[in-house]
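Participant: Structure provided below as structure tokens; questions to follow.
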Amino acid sequence: MRGIWRRGVDVAAFGLGFMLVRVALPVPLYRVFDYRLAPGQVAVVGARVRVPFGRRALVGVVVALPEPGAAYAAREDLRVVSDVLDAVPLLSAALLRLLQWTADYYHYPFGEVIATALPGLLRGGAPALFPPVVFFQLTAAGLGADLAALRRAPRQQAVLQVLQQVPGGLAADDARLLALGNWRGAMQGLVQRGWVVRERRERTQDTSATRQDASATSATLPVLNADQAQAVATVQGQAGHRVYVLEGVTGSGKTEVYLSLMAATLAQERQCLVLVPEIALTPQLLARFRARLPVAMTVLHSGLSEKVRLQGWLAARSGQARVIIGTRSAVFVPWAQPGLIVVDEEHDASLKQHEGLRYHARDLAVLRGYREDVPVVLGSATPSLESLANVAKGAYQCVRLPRRAGGARLPSVRVVDMRRQWHDEGLSVSVLDAISAHLEAGGQVLLFLNRRGFAPALVCEGCGWSAQCPQCDAHLTWHQRAGLLCCHHCGTRSAPVRVCPGCQGRLRPRGEGTQRIEAALARHFPDAPLVRIDRDSTQGREAFEQVFAAIHAQQYRILIGTQMLAKGHDFPGVSLAVILGVDQGLFSTDFRAQERLAQVITQVAGRAGRAERPGEVLIQTFHPEHPFLRTLLQSGYAVVSQDLLEQRRLAGLPPFAAFALIRAEARDSALGEQFLAAVRAYLLPDAQGVAVLGPVPAPMQRRAGWFRAHLLLHAPSRSVLQRLLRARVCEFDALPLARQVRWSVDIDPVDMG
DNA sequence: AGCACGCCGACT
DNA sequence: GTCGGCGTGCTC
């Protein structure tokens, strides 16, 4: 045997042509595949390989090097690796183990888990190198050129000036160029003068995604108040892995605590990974970090171009990016020097992926922190019941910031009883009066309603008919601005119906969406500039940024919006927050509805009165006596969440039990349930301790033309549940009807719909 | 998932 | 007589 062995058994090299690699491929199959290496090929665990698979070629990742041993004789038929794409592991052994665990826990094919963890370009086989970039460099003539000669071409002058400061040349995506705005025309002019040459260059390090802010040349450490200092000391007092729940009321300065912990981590030459629930939260967090930490940072989320995403991913992997800010998929990003994981807004349901590999980024962050022995900080003003239960168990440690920073007071919260007063288009007199008082006092007013459109239904006055989605079991939402009926479940849009098709009666919008509230407010307060912020009004990220800048500049006095408005943003000028549409949350059948309602009320309420001005919060409801609302208002989230936890414990619901939801959908109404009946029959003989409930039609049975059904598995613990599912989910495909339905397994489902 | 093979209806 | 429907079988 003439194999080359480096790093123990991690390297397979040609010897007598019998080296094997075990490859995970991006196919929905619960297994891996063995291949032979051709003479001369070398592959390491974690490297990508291109292999023949059936009639096609696929890119997979080497996950093990099986010993040929005595079994080799039987394996001469193995196919041969076509290409080894990485000379060094693209994915470390530690990351592969995390991905393997993810595949096992969420019952998803390993190869597909790996594929979701890789940037698209790497998945497709692109080299793991920073993409070449266009460089601009001065010629000798350009170096000696006189700036004054360009007096009549100020843009060229500006570009030349920048280039003369950087003799090595500048990349087209360099911050110093981007800062000039529209520089391309001017650069072209300089190229034509013969002062600049344009060339493509390979690069070994990222020059854009990880760019560090030139202004933050030294760490400006935050000045912490006593609570913050205590929080930081608690986390720093213990080495290695621990999970901390940083429970900080809105305005208490959680970000300052993150910054402090990050600065200490960076000082130890380690990297920081910060996860946020939404893309929209990354720019402001990045800006705050950049202003304070003088290190290269990168952002990773699905809104980036493939090239930029690859750069960021590689920068994290190489250690060039010292801070990585990302949405949930960033939990899988490789890093060279693990240091600290922060999960911001850890209660947010967006951290759970709701299709494909249905992982929870917070839960995986905790596991990853454990595996890599780094602290994990879960931050929220309204921690999830899961995290609070872990605190109660002693598994996580709670660190509190109970006061607003800067001495700001918490807002006063009042319930407005809708039954006792006149209201207009969903706005009560009390609310209208309060808005007018706050506007007069110079404050901004924020109204929250988690429903887009003008009205959630269009109903006939005569016979009660209402416009229904042809694809879903749902009302169409009336969008007055666009003049369209829209389905919020499948995206169908249709021209409005003018009269009732049954009785020719008049149609009326029923209920309120943000557009209707906007229209009513515009009528009541014609002089107050108003802005609506929801998915319909604020498309694209720059639109979002611009609107927020305008709000900060007090260009708007009234803000009306959906959760887009409620998540994590600071509005220092807002003195009144009004929360509308809480009632459906009070009586929802979803066992998480009250937790979510408590979180959203607390989060929106936190938007009011952040500075010296005391804020006011109004909650409009037809059920002011509801015990949940009373407790929330009298005692706050901390008490309500403990109440809800106790209810969950008594009812045997998560986090005191483990759920898995098996979903199936088909074009034919009965197939999904029939398939799930087969799943049930398959599981039942070994389901001791696990309640198999259903199959039942999903709460909204038809959606986008698919009939949906569920099977709910309810176990006293995750391990009991996993014991049943292990080695069984991978057999579901062999059950009758499996090929005629779309099925999926959702472990720890967040959305039970 | 792809991509083949294989056996029954309406078309040049 | 073929083109083509999607059932089912396999992928190292």
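Each residue of the first sequence is one higher than the one before, counting from 312 in our numbering.
Where is the CB? At the ideal position from N, CA and C, for every residue including glycine.
All of these numbers come straight from a predicted model, not from anything done at the bench.
Which full runs of the alpha helix (DSSP H) of 4+ residues lie inside the region 721-802, going along the chain?
Facilitator: 740-751
Participant: In terms of residue numbering, what span does the alpha helix (DSSP H) encompassing ILE425 cover?
Facilitator: Element bounds for ILE425: 421-428.
Participant: Which residues in the same chain as HIS671 place their Cβ atom closer than 7 Å to its Cβ, once the five residues preceding and following it in sequence are excluded?
Facilitator: LEU662, LYS663 and ASP1059
Participant: Return the bridge partner residues of LEU689 from the DSSP annotation.
Facilitator: VAL556 and VAL654
Participant: Within the continuous beta strand (DSSP E) that includes PRO1008, where are the two ends?
Facilitator: 1002-1014
Participant: Is the region 932-945 touching the region 724-736, taking contact as three or more C-beta pairs under 8 Å?
Facilitator: yes
Participant: Which one of TYR417, SER723, ALA676 and PHE986 has the shortest CA to CA distance from ALA975?
Facilitator: PHE986
Participant: Using only CA atoms, which one of SER403, PHE421, ALA404 and ILE828 lies nearest to GLN411?
Facilitator: From the listed residues SER403, PHE421, ALA404 and ILE828, the smallest Cα separation to GLN411 is found for PHE421.
Participant: Closer than 7 Å by C-beta to ASP1057: which residues in its own chain qualify, once you throw out the five before and the five after it? Chain order, please.
Facilitator: ARG669, ALA971, LEU972 and ARG974
Participant: Do you know whose CA, among HIS418, ALA404 and ARG366, lies nearest LEU340's CA?
Facilitator: HIS418
Participant: Please report the Cβ distance between LEU929 and VAL742, rounded to the nearest whole angstrom; I am assuming they are in contact, meaning their Cβ atoms lie under 8 Å.
Facilitator: Contact holds; Cβ gap of about 6 Å.
Participant: With a threshold of 8 Å, are at least 3 pairs of Cβ atoms found where one atom belongs to the region 628-645 and the other to the region 607-619?
Facilitator: yes
Participant: Using only alpha-carbon positions, find the residue among VAL688, GLU1042, PRO1027 and GLY754 that is nearest to ALA962.
Facilitator: PRO1027
Participant: Using only CA atoms, which one of GLY365, LEU389, ALA437 and LEU409 lies nearest to ARG254?
Facilitator: Since the first residue of the chain shown is 312 and the last is 1064, residue 254 is not available in this structure.
Participant: Do you know whose CA, among ARG495, ASP655, ALA627 and TYR416, lies nearest ALA439's CA?
Facilitator: ALA627
Participant: Can you round the beta-carbon distance between CYS780 and CYS801 to whole angstroms, since I take them to be within the 8 Å contact cut?
Facilitator: Right, the Cβ-Cβ distance comes to about 6 Å (below 8 Å), so this counts as a contact.
Participant: Expressed to the nearest angstrom, what Euclidean distance is found between the alpha-carbon atoms of THR528 and GLY623?
Facilitator: For THR528, the pLDDT reaches just 49, beneath the cut-off of 50, and the residue's location in the model is therefore unreliable, although a value from the coordinates is still provided. Between the C-alpha atoms of THR528 and GLY623 there is a straight-line separation of about 22 Å.
Participant: Give me the residue from VAL353, ARG390 and VAL356 with the minimum Cα distance to LEU365.
Facilitator: Here the sequence assigns Gly to residue 365, which means Leu is not the residue at that position. Ranking VAL353, ARG390 and VAL356 by Cα distance to GLY365 puts ARG390 first.
Participant: Which residues bound the alpha helix (DSSP H) around LEU1035?
Facilitator: 1029-1036 is the extent of the alpha helix (DSSP H) around LEU1035.
Participant: Tell me, please, whether the region 896-909 touches the region 770-787 by the rule of three or more beta-carbon pairs shorter than 8 Å.
Facilitator: no
Participant: Is it right to say ARG761 is buried, meaning 16 or more other beta carbons lie within 10 angstroms of its own, or is it exposed?
Facilitator: It should be noted that the sequence gives Asn, not Arg, for residue 761. Label assigned to ASN761: buried.
Participant: Near LEU944, which residues of its chain fall below 6 Å by C-beta distance, leaving aside the five closest residues on each side in sequence?
Facilitator: VAL724
Participant: Excluding sequence positions up to five away, which residues of its chain have a Cβ less than 7 Å from the Cβ of LEU956?
Facilitator: Excluding residues within five positions, the ones whose Cβ falls inside 7 Å are LEU696, LEU699 and ALA700.
Participant: At a cut of 8 Å, does the region 570-584 reach the region 704-714 through at least three beta carbon pairs?
Facilitator: no
Participant: Is TYR948 helix, strand or coil when you go by DSSP?
Facilitator: helix
Participant: Quick check: the Cα distance between LEU818 and ALA864, rounded to an integer number of angstroms?
Facilitator: 41 Å
Participant: Give the secondary structure of VAL262 by DSSP, where H, G and I count as helix, E and B as strand, and everything else as coil.
Facilitator: Because the chain is modelled from 312 through 1064, residue 262 falls outside the range shown and cannot be assessed.
Participant: What does DSSP give as the partner residues of GLU829 in its beta bridges?
Facilitator: None, per the DSSP bridge assignment.
Participant: By the three-class DSSP mapping on this structure, what secondary structure does GLY926 have?
Facilitator: coil
Participant: Classify GLN472: buried if its beta carbon has 16 or more other beta carbons within 10 angstroms, exposed otherwise.
Facilitator: exposed
Participant: Rounded to a whole number of angstroms, what is the C-alpha to C-alpha distance between ALA525 and LEU891?
Facilitator: Because ALA525 sits at a pLDDT of 48, beneath the cut-off of 50, its placement in the model cannot be relied upon, and the following sentence gives the value as read from the coordinates. Going from the Cα of ALA525 to the Cα of LEU891 covers about 44 Å.
Participant: Shortest alpha-carbon distance to VAL893 belongs to which of LEU908, ALA806, ASP881 and THR450?
Facilitator: LEU908
Participant: Can you tell me whether ARG511 is buried or exposed? The criterion is at least 16 other CB atoms within 10 Å of its CB, across all chains shown.
Facilitator: exposed
Participant: Which residues mark the beginning and the end of the alpha helix (DSSP H) in which GLN262 is found?
Facilitator: Only positions 312 to 1064 of the chain appear in this structure, which leaves residue 262 out of reach.
Participant: Tell me which residues share the same chain as SER393 and place their Cβ nearer than 8 Å to its Cβ, disregarding the 5 neighbours each side in the sequence.
Facilitator: VAL360, ARG361, VAL362, PRO363 and ALA368
Participant: Should ALA888 go down as buried or exposed, given a rule of 16 or more other Cβ atoms within 10 Å for buried?
Facilitator: buried
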